[in-house]
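Quick notes on the structure that follows.
Residue numbers (the numbering used here), protein chains in the order written: chain A, 45 to 277; chain B, 14 to 123.
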């Protein structure tokens, strides 16, 4: 007979409950699988077939983990949303914007570099923007980790990762169509190209960097889960 | 076969109804419902336990660990007074829904 306790413990890895409560959930689900297995064996199924049918009781362990966590947690749904979405999201926003400010204040002086490099437009990008961009994957990974740890759904995890660029995205989505409409009706000519550069610099590039870190962490979690499944099978 | 949406709506009523008869552990709840509905309602582990835990949080049911003579530990659920109170309006709601559907059927055949 399969070791249901070990199997359930491995597949519900990361269930964010108090240790004694988690142990009780694991014991209870293992007992259910144990009873199901014995029931199927009594009906004449082979050990392999009965074990397969038992495993079929749960299609998505990650989803079950999230549902149990939500159901067992003492706090209400709003608190879960805070833990799974708002807290990781606001932290990624604060860290990404704080880091940008810190690089600007304490980083190398662009004018000094500009004098050496001879390109005053290139220098701030090199000394401020690129170091910031390179640090964003770490912040994205942190957002994914926090949301994941709180049992966040895929959507909550994804939103937490890209949250810092969402205000900019909303801004550009609102402004670009408005400009396209108003461009012919105002006296001066609105430059569309800098707006697209802004869209790239403040939405697409940082969003990509945040996602690179966040999705890499998600991939790591998915691989760890898969390898544990292989081991438990 | 009954659709998923209807099943979800009836799930809580089904669990409360079988627990009204006697305290049961999770596996017994699932089997009892399956037997009594002749297989129309079937709960997998993934569907049953989040619901049981949710109902426990609402204090409709209470679970307690018991050890059988064979030394096996199982968590047995029993209906609380709050759960009994919930059962009556839930039955009423579903009864009204089925009556409405039956009336609709009569109109459709008229």
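Think of the CB as a built atom: it goes at the ideal place given N, C-alpha and C, for glycine as much as any other residue.
Cutoff 7 Å: residue i Cβ touching any chain B Cβ
i                     : result
residue 127 (chain A) : no
residue 64 (chain A)  : no
residue 79 (chain A)  : yes
residue 115 (chain A) : yes
residue 102 (chain A) : yes
residue 112 (chain A) : yes
residue 108 (chain A) : yes
Rounded Cβ spacing between residue i and residue j (contact assumed at less than 8 Å)
i                     : j                     : result
residue 74 (chain A)  : residue 48 (chain A)  : 4 Å
residue 257 (chain A) : residue 183 (chain A) : 7 Å
residue 223 (chain A) : residue 243 (chain A) : Wrong, their Cβ atoms sit about 12 Å apart, outside the cutoff.
residue 79 (chain A)  : residue 40 (chain B)  : 4 Å
residue 204 (chain A) : residue 190 (chain A) : 7 Å
residue 25 (chain B)  : residue 103 (chain B) : 7 Å
residue 33 (chain B)  : residue 114 (chain B) : At roughly 24 Å, the Cβ-Cβ gap does not stay under 8 Å, so residue 33 (chain B) and residue 114 (chain B) are not in contact.
residue 115 (chain A) : residue 66 (chain B)  : 4 Å
Residue environment, residue i, which counts as buried when at least 16 other CB atoms sit within 10 Å
i                     : result
residue 63 (chain A)  : exposed
residue 87 (chain B)  : buried
residue 200 (chain A) : buried
residue 109 (chain B) : exposed
residue 45 (chain A)  : exposed
residue 129 (chain A) : buried
residue 105 (chain A) : buried
residue 52 (chain A)  : buried
residue 141 (chain A) : exposed
residue 90 (chain A)  : exposed
residue 72 (chain A)  : buried
residue 107 (chain B) : exposed
residue 117 (chain A) : buried
residue 55 (chain A)  : buried
residue 152 (chain A) : exposed
residue 98 (chain B)  : exposed
residue 262 (chain A) : buried
residue 27 (chain B)  : buried
residue 50 (chain A)  : exposed
residue 225 (chain A) : exposed
residue 164 (chain A) : Note that residue 164 (chain A) has pLDDT 49, beneath the 50 cutoff, so the model's placement of it is unreliable and the number below is only indicative. That one is exposed.
residue 109 (chain A) : buried
residue 56 (chain B)  : buried
residue 53 (chain B)  : exposed
residue 149 (chain A) : exposed
residue 69 (chain A)  : buried
residue 195 (chain A) : buried
residue 117 (chain B) : exposed
residue 94 (chain A)  : buried
Chain A within 7 Å of residue i, Cβ atoms only
i                    : result
residue 90 (chain B) : no
residue 39 (chain B) : yes
residue 23 (chain B) : no
residue 26 (chain B) : no
Which listed residue (the options) has its alpha carbon closest to that of residue i
i                     : options                    : result
residue 206 (chain A) : A:180, A:224, A:223, A:229 : A:180
residue 111 (chain A) : B:58, B:39, B:63           : B:63
residue 59 (chain B)  : A:147, A:80, A:101         : A:101
residue 94 (chain B)  : B:83, B:75, B:85           : B:75
residue 97 (chain A)  : A:85, A:105, A:107, A:106  : A:85
residue 133 (chain A) : A:187, A:195, A:259        : A:187
residue 79 (chain B)  : B:57, B:96, B:36           : B:36
residue 251 (chain A) : A:176, A:50, A:219         : A:176
residue 143 (chain A) : A:211, A:172, A:117, A:61  : A:172
residue 113 (chain A) : A:99, A:137, A:57          : A:57
residue 210 (chain A) : A:126, A:136, A:76         : A:136
residue 96 (chain B)  : B:117, B:85, B:30          : B:30
residue 185 (chain A) : A:170, A:169, A:208        : A:208
residue 178 (chain A) : A:247, A:227, A:259, A:253 : A:253
residue 192 (chain A) : A:127, A:69, A:93, A:88    : A:127
residue 81 (chain A)  : B:25, B:44, B:48           : B:44
residue 169 (chain A) : A:61, A:69, A:59, A:249    : A:249
residue 198 (chain A) : A:219, A:94, A:265         : A:265
residue 239 (chain A) : A:228, A:196, A:216        : A:216
residue 72 (chain B)  : B:61, B:82, B:92           : B:92
residue 99 (chain A)  : A:83, A:77, A:260, A:267   : A:77
Interface flag, residue i vs chain D, CB-CB below 7 Å
i                     : result
residue 226 (chain A) : The chain inventory of the structure shown lacks chain D, comprising the protein chains A and B.
Contacting positions in the segment 45–73 of chain B - beta carbon closer than 7 Å to chain A: Result list: 57, 58, 59, 62, 63, 66, 67, 70.
Tell me which residues of the segment 71–95 of chain A have at least one Cβ-Cβ distance to chain B shorter than 9 Å, keeping chain order. From the segment 71–95 of chain A, only 71, 72, 73, 75, 76, 77, 78, 79, 80, 83 have a Cβ closer than 9 Å to chain B.
Taking a cut of 9 Å between CB atoms, which residues from the segment 86–115 of chain B lie near chain A? For the segment 86–115 of chain B, which is checked against every Cβ of chain A, the residues closer than 9 Å are 86, 87, 88.
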